[in-house]
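The structure appears below as structure tokens.
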Amino acid sequence: MSFDVPDERRYLESHEWALETDGVVRVGISDFAQDELGDVVFVELPDEGDDLEQGTEFGVVESIKAVSDLYAPVGGEVVAINADLFDAPELVNEDPFGEGWMLEIEADDPDELEVLLTAEEYEDQIA
1 MSFDVPDERR YLESHEWALE TDGVVRVGIS DFAQDELGDV VFVELPDEGD
51 DLEQGTEFGV VESIKAVSDL YAPVGGEVVA INADLFDAPE LVNEDPFGEG
101 WMLEIEADDP DELEVLLTAE EYEDQIA
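Residues 1 to 127 in the UniProt record's numbering are what the sequence shown lists, from first letter to last.
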């Protein structure tokens with residue numbers, strides 16, 4: 001099976017993706033992760049204004065098959081959450097790299113992205 005792995009993003013081994021734009025990092029889960037989880041029925045996210053550290057848990061995604069913790073790809077302040085997911089968690093399945101995004105973090109150090117997996121490295125991990 002082939003999964004979408006956009007080149008412009010960075011990835012955690014735990015299947016979150018990160019896309020940086022002007023110091024703000026948008027975060028979601030990968031196409032592979034949403035497929036493995038099955039139908040997502042609930043998403044728990046932090047509050048805007050919360051401070052996160054790279055690699056720490058920031059929330060939970062629950063599906064009909066499993067509950068998985070979510071991890072921050074970078075440290076910083078949560079500046080936006082995708083509140084649409086509270087009423088429509090299926091967006092994570094339908095469009096994991098678009099409408100299914102989870103939160104945005106104003107990165108304390110955007111260089112933290114450099115330690116994450118490239119698209120090619122992530123593809124190797126899920127192969």
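Don't be surprised by glycine CBs; every beta carbon is placed ideally from N, CA and C.
- Its chain contains Leu-37 as the residues whose beta carbon lies nearer than 7 Å to that of Ala-66, once the 5 sequence neighbours on both sides are disregarded; these appear in chain order.
- Put simply, the backbone Cα of Arg-26 is about 9 Å away from that of Glu-106.
- The C-beta distance from Val-92 to Ile-29 rounds to 6 Å, short enough to meet the 8 Å contact threshold.
- Val-40 sits in a strand when the DSSP states are folded into three classes.
- One Cα belongs to Asp-47, the other to Ile-81, and the distance between them is close to 7 Å.
- At least 8 Å separates the beta-carbon of Ala-33 from that of Leu-113.
- Just measuring C-alpha positions, the residue of Val-24, Val-61, Asp-108, Pro-110 sitting nearest Leu-85 is Val-61.
- The closest CA to that of Asp-7, considering only Gln-125, Leu-117, Gln-54, is found on Leu-117.
- Between Val-43 and Glu-123 the beta-carbon gap is near 25 Å, outside 8 Å, which marks them as no contact.
- With a cutoff of 8 Å on beta-carbon distance, Asp-51 and Glu-77 are scored as near each other.
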